[in-house]
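Here's the structure we're looking at; comments come further down.
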Amino acid sequence: MVRMQKRGVFRALALAAVGVCVSLGTATLTGCSNFFVCQKSSCTSSSTTTGTGDYVYVSNSSSGSTYVSAYEIGTGTLTAISGSPYNLSYVPVAMAVSPNDASLYVVAAAGSTYSGLYRYPITTSTGAISTGSELESGNFSAMAISADGNFLFTLDSSTGTILTQYTLNTSTGAVTAVATFTTPGGPSGVGCPVSSATPSSATCAVATSPSENYVAVSLGTNGTVIFPYTSSAGITANYTGYIASPSTASGDYSAAFDASGYMYIARTIELTPYTSLAATTPTAGTSITFSSGMVPRSVTLSTAYGYLYTADEGASEISAFSLSSGALSQLTGSPITAPTYVSALAADRSGTYLLAAGYNASTGLEMFPISTTGLSTAVASEATGTTTTIPVVMAVSH
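Structure (structure tokens):
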């Protein structure tokens, strides 16, 4: 098995020209003329050209740890969006695009001056983001938006025991906290922080189902809990399903749902499908076991739910599987070499490409064609930061 070695060196860019545009008194990002001015000589000039609507947003920019890079996805191409990279003035640890593609929601690293939940308006015709505002202060480590766009969820970073539910105003992008729910919490004595290890990774995660009936919270070595969900009311009761992690040495790091009632959990050494999700103890299917050290950190499905992919962080690879009623079959050529310490995956809105992000000064973001025969060589790539203590998170348009 080929292993991809870490390449490139970290390039620190001076940020002195970027003003801090946060009013701490009002806890709101306020406009200043250069807040979203591109800091790279290669940046594109402003344009009124209408885009494809197919966009990807990636943290850990090569411009610095507080930047987010934005790209338009074309036929085999990644094109920097005007104004990208954008300086947020904080390190992002979670990102999500609203289902109507009008807002980018970002969680700032816990314990920082800017810790909290932020919203940035998206110009849907170009993918560009503009000056944002802080919606909620607090220390969060994970976030997800329901497929219907009605609710947003955050998980606290201190203990991982508090899942907060917000209604989401699809017109303004504003959120309103309406309920909190209790989980078993992250690993004892650790909680759910974003680690500062090498590489930095999320300890816990939140996932919502495309069928709009479940919300799952993965809690590392404390397993995964499942909350019933409805589009009209969101979550109305505490979790009903609990899946224990196989051992204290194996953590549940990510979960994903398909449209047929199955959920898939990526663990330290395995990938397991589950059904009967409304049961107290959901039913496990046949697991895929990974070699020691591969560490499938995140899991995502293709747009049509026919394929599943894991970011094997420890091996810097992507594993690819076909799906049939929850059964997993590894595709030819899998695993494939990916960005160094790959930890973020997403399928683009067209269903044509898989985006993968890690750490590399030339190929930290790569785009792979999706096909029935598996993943082939990346057709486009872009630089990311190489400092592995900065987490990599990614969000795509819908």
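Mapped onto mature numbering (1 follows the signal peptide of the UniProt record, and there is no 0), the consecutive letters of the sequence shown carry residue numbers -27 to -1, 1 to 371. All residues carry an ideal CB built from backbone N, CA and C; glycine is no exception. These numbers come from a predicted model, not from an experiment.
How far does the beta strand (DSSP E) with Asp129 in it reach, from first residue to last?
Start and end: Phe124 to Asp129.
Less than 8 Å between the CB atoms is what I'm expecting for Leu296 and Gly324, so what's the real figure, rounded?
In fact, because the Cβ distance is near 14 Å, the residues do not count as touching under 8 Å.
Using the three-state DSSP reduction, which class does Ala115 fall into: helix, strand or coil?
DSSP places Ala115 in strand when its eight states are reduced to three.
So, for Ser316: in the same chain, excluding its five sequence neighbours on each side, which residues have a beta-carbon less than 7 Å away from its beta-carbon?
Excluding residues within five positions, the ones whose Cβ falls inside 7 Å are Pro172, Ser174, Arg270, Ser271, Ala284, Glu286, Gly331 and Val365.
Using 8 Å as the Cβ pair cut-off and three pairs as the minimum, do the stretch 152 to 168 and the stretch 181 to 196 touch?
Judged by Cβ distances under 8 Å, the stretch 152 to 168 makes contact with the stretch 181 to 196, as three or more pairs qualify.
With a threshold of 16 other CB atoms inside 10 Å of the CB of Asn211, please say whether the residue is buried or exposed.
Under this definition Asn211 is an exposed residue.
Which stretch, first to last residue, makes up the beta strand (DSSP E) that contains Arg290?
The sequence given here places Glu at residue 290; Arg does not occur at that position. That run of the beta strand (DSSP E) goes Glu290 to Ser297.
How long is the line joining the alpha carbons of Pro308 and Ser191, rounded to whole angstroms?
If you take the alpha carbons of Pro308 and Ser191, they lie about 24 Å apart.
By DSSP, does Gly47 sit in helix, in strand, or in coil?
Three-state result, Gly47: strand.
Using the Cα positions of Ser55 and Leu125, report the straight-line distance between them to the nearest angstrom.
Answer to the nearest angstrom: the Cα atoms are 28 Å apart.
With a threshold of 8 Å between beta carbons, is Thr254 in contact with chain C?
Protein chain content of the structure displayed is limited to a single chain, and chain C is not contained in it.
Return the first residue and the last residue of the beta strand (DSSP E) that Tyr235 is part of.
Tyr235 -> no beta strand (DSSP E), and no H or E assigned at all.
Is it true that the CB of Thr253 sits closer than 8 Å to the CB of Gly299?
Not in contact: Gly299 and Thr253 (Cβ atoms no closer than 8 Å).
Buried or exposed, going by whether 16 or more other CB atoms sit within 10 Å of the CB of Thr362?
Answer is exposed; the Cβ neighbour count stays below 16.
I'd like to confirm the pairing. Which residues does DSSP put opposite Ser38 in its beta bridges?
Answer is none; Ser38 lacks a bridge partner.
When the distance is taken between beta carbons, is Gly164 closer than 8 Å to Ser205?
No. Outside cutoff.
Taking Gly89 as part of the beta strand (DSSP E), name the residues at either end of that continuous run.
Start and end: Gly89 to Pro94.
Rounded to whole angstroms, what's the CA-CA distance from Gly24 to Thr259? Just pull it up for me.
So the alpha carbons of these two residues sit roughly 42 Å apart.
Return the chain-ordered list of same chain residues with a C-beta closer than 6 Å to the C-beta of Leu301, the five sequence neighbours on each side being excluded.
Cβ neighbours of Leu301 beyond the five flanking positions: Ile261 and Phe294.
Taking a contact to mean a Cβ-Cβ separation below 8 Å, would you say Phe113 touches Ala69 in this structure?
Cβ atoms of Phe113 and Ala69: not closer than 8 Å.
Tell me which same chain residues have a C-beta within less than 6 Å of the C-beta of Ala152, skipping the five on either side of it?
So the list reads Gln138, once near-sequence residues are dropped.
Quick check: what's the CA-CA separation for Ser110 versus Gly306?
If I take the Cα positions, the gap works out to 45 Å.
Please go through the same chain and pick out, in chain order, the residues whose beta-carbon is closer than 8 Å to the beta-carbon of Val167, but skip the five residues on each side of it.
Within the same chain, Val167 has close Cβ partners Val66, Ala82, Ala83, Ser114, Ser130, Ser173, Ser174, Ala175, Thr176 and Pro364.
In terms of residue numbering, what span does the beta strand (DSSP E) encompassing Thr245 cover?
Element bounds for Thr245: Glu243 to Thr248.
Beta carbon of Glu339, beta carbon of Ala356: below 8 Å?
Not a contact, by the Cβ cut-off of 8 Å.
Can you tell which of Ser57, Tyr237 and Asp27 has its C-alpha closest to the C-alpha of Val41?
Comparing Cα-Cα distances from Val41 to each of Ser57, Tyr237 and Asp27, the minimum goes to Ser57.
Kindly list the residues whose CB is nearer than 6 Å to the CB of Ala368, restricted to its own chain and excluding five residues on each side of it in sequence; keep chain order.
These residues qualify, in order along the chain: Tyr30, Met68, Ala69 and Val70.
Mind reading off the beta-carbon distance from Thr245 to Ile238? Whole number of angstroms is fine, and I expect it under 8 Å.
So it is a contact: roughly 5 Å between Cβ atoms.
From which residue to which residue does the beta strand (DSSP E) around Phe200 run?
Thr197 to Pro201 is the extent of the beta strand (DSSP E) around Phe200.
Taking Ser344 as the reference, give the member of Gly358, Ala277 and Ala311 with the closest Cα.
Checking every option, the nearest Cα to that of Ser344 belongs to Ala277.
Using beta-carbon positions only, say whether Pro201 and Ala251 come within less than 8 Å of one another.
Yes, they are a contact pair.
I believe Ala334 touches Thr310 by the beta-carbon criterion, under 8 Å. Please report the beta-carbon distance rounded to the nearest angstrom.
Not confirmed; about 16 Å, so no contact.
Looking at Ala180: is its Cβ nearer than 8 Å to the Cβ of Ala170?
Taking 8 Å as the Cβ cut-off, Ala180 and Ala170 do not qualify as a contacting pair.
Checking 8 Å against the spacing of the C-beta atoms, do Val79 and Tyr93 come in under that value?
Yes, they are a contact pair.
Helix, strand or coil, according to DSSP, for Gly214 in the structure here?
Gly214 falls in the strand class under three-state DSSP.
How would you call Thr273, buried or exposed, if buried means at least 16 neighbouring beta carbons within 10 angstroms?
The residue in question, Thr273, is buried, as its Cβ has 16 or more Cβ neighbours within 10 Å.
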